[in-house]
Amino acid sequence: MNKSICVLTGATGGIGHAIALQLAQQGWRLVLVGRDEAALKRLQGECNDQAEIFQGDLSEANVRDELALFTQQLGGAQLLINNAGINVMQAFSEITEQQIDQLIAINLTVPIKLCQLFLPQITAKNGTIVNIGSSFGSIGYPYQTLYCASKFGLRGMTEALSRELSHSKVRVLYLAPRATDTAINSPQIRAMNKALGNTMDSPEQVAKALIILMNSTKKRRFIGFPEGFFARINGVFPSIVDNAIEKQLPKIKSFFTN
Ligand SMILES: NC(=O)c1ccc[n+]([C@@H]2O[C@H](COP(=O)([O-])OP(=O)(O)OC[C@H]3O[C@@H](n4cnc5c(N)ncnc54)[C@H](OP(=O)(O)O)[C@@H]3O)[C@@H](O)[C@H]2O)c1
8 MNKSICVLTG
18 ATGGIGHAIA
28 LQLAQQGWRL
38 VLVGRDEAAL
48 KRLQGECNDQ
58 AEIFQGDLSE
68 ANVRDELALF
78 TQQLGGAQLL
88 INNAGINVMQ
98 AFSEITEQQI
108 DQLIAINLTV
118 PIKLCQLFLP
128 QITAKNGTIV
138 NIGSSFGSIG
148 YPYQTLYCAS
158 KFGLRGMTEA
168 LSRELSHSKV
178 RVLYLAPRAT
188 DTAINSPQIR
198 AMNKALGNTM
208 DSPEQVAKAL
218 IILMNSTKKR
228 RFIGFPEGFF
238 ARINGVFPSI
248 VDNAIEKQLP
258 KIKSFFTN
């Protein structure tokens, strides 16, 4: 039975919960990270005592340092999953400075800093880092400017680090879910996805895709069709995606204007 340590951020969220249960089933010893202590304790109970909990706000430097120390004292992490994330879906002109700082911090700065902080532990174990991105990490989408900025950044950082470490045994992987049925999606976003005919995956499907990615030799995985296909097309022929999204714009706009 695998008893290696996995640090999972965003464990209290929809995707984190599903990942925790599937990894616990595989025998990983989890360090569940989030701010909601009651939710962490509930999840710990569901993981058959195979989990430690670590409560704290990852935007605070001392919390990240304490997390790294906590994990080191348990024996060191073999796997770091940067999964915590937030979203703001609104017109660019209406986004506040505080929202910009908070979203870029949680979705981009925190995963970068955790990668750096945990790299000695991961290197010592020949371990793996998985950064959870999004199909919006490859496709610029209206009313998702901040989120896209953060996830494009995370994808670039993951790719660069993976290549920097390609002569070592450390793996740095990127998983890009499409719309998934969790609390990150407001009723407004859900209504828009329905109107556009966008499929919503279950968190369990995302967790399964993560395990498939970890067990493969691949470095990145984009979940779902057509999102995964569009993510690749956007890199090569962005004008095709420009045109497709331009056609959707009136419908998208109708969800964000009073
Ligand atoms: N659901 C989707 O449609 C979708 C699609 C593509 C990608 N993703 C990505 O998947 C990941 C997981 O999202 P989800 O759908 O599971 O969202 P979720 O249910 O809203 O969960 C978000 C998680 O992030 C944690 N978090 C937020 N701010 C934090 C902070 N300051 N410090 C510590 N933890 C913090 C939350 O924990 P606490 O509340 O306990 O602090 C929660 O566990 C995110 O990176 C998201 O961008 C989601």
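All residue numbers for the sequence shown refer to my numbering, where the first residue is 8 and numbers rise by one.
Just so it is clear, CB atoms sit at the ideal spot from N, CA and C, and this is done for glycine as well.
These numbers come from a predicted model, not from an experiment.
Using a threshold of 7 Å, is the CB atom of aspartate 249 nearer than that to any non-hydrogen atom of ligand 1? no
Check the DSSP bridge columns for leucine 37 and list the partner residues they point to. Cys13 and Ala58
Can you tell me whether asparagine 94 sits near ligand 1, meaning its C-beta is under 7 Å from at least one heavy atom of the ligand? yes
Step through the CB atoms of chain C and report whether any lies within less than 8 Å of the CB of glycine 21. The structure shown contains no chain C, having only a single protein chain.
One question on the structure: do valine 40 and leucine 74 come within less than 8 Å of each other, judged by their Cβ atoms? yes
Report yes if the C-beta distance between alanine 238 and isoleucine 146 is below 8 Å; otherwise report no. yes
Going by C-alpha to C-alpha distance, which of Ile129, Met96, Ser142 and Leu115 sits closest to alanine 198? Met96
By Cβ distance, which residues of its chain are closer than 7 Å to isoleucine 277, with the 5 residues on each side in sequence left out? With the chain running from 8 to 265 in the structure shown, residue 277 is simply not present.
Starting from the N-terminal side, write out each stretch of the alpha helix (DSSP H) that is 4 residues or longer and does not extend beyond the region 197-225. 210-222
Cβ atoms of threonine 165 and alanine 91: under 8 Å apart, would you say? no
Count the C-beta pairs between the region 104-123 and the region 41-49 that are closer than 8 Å, then say yes if the count reaches three, no if not. no
Taking Cβ to Cβ, would you say isoleucine 93 is nearer than 8 Å to proline 210? no
Under 7 Å: does the beta carbon of aspartate 43 sit that close to some heavy atom of ligand 1? yes
Just to confirm, does arginine 227 get its C-beta within under 7 Å of one of the non-hydrogen atoms of ligand 1? no
Exposed or buried, what is aspartate 6 when buried is set at 16 or more other beta-carbons lying within 10 Å of its beta-carbon? Because the chain in this structure spans residues 8 to 265, residue 6 falls outside the shown range and cannot be described.
DSSP beta-bridge partners for alanine 84? Ile12
Rounded separation between asparagine 89 and phenylalanine 262 - CA only: 30 Å
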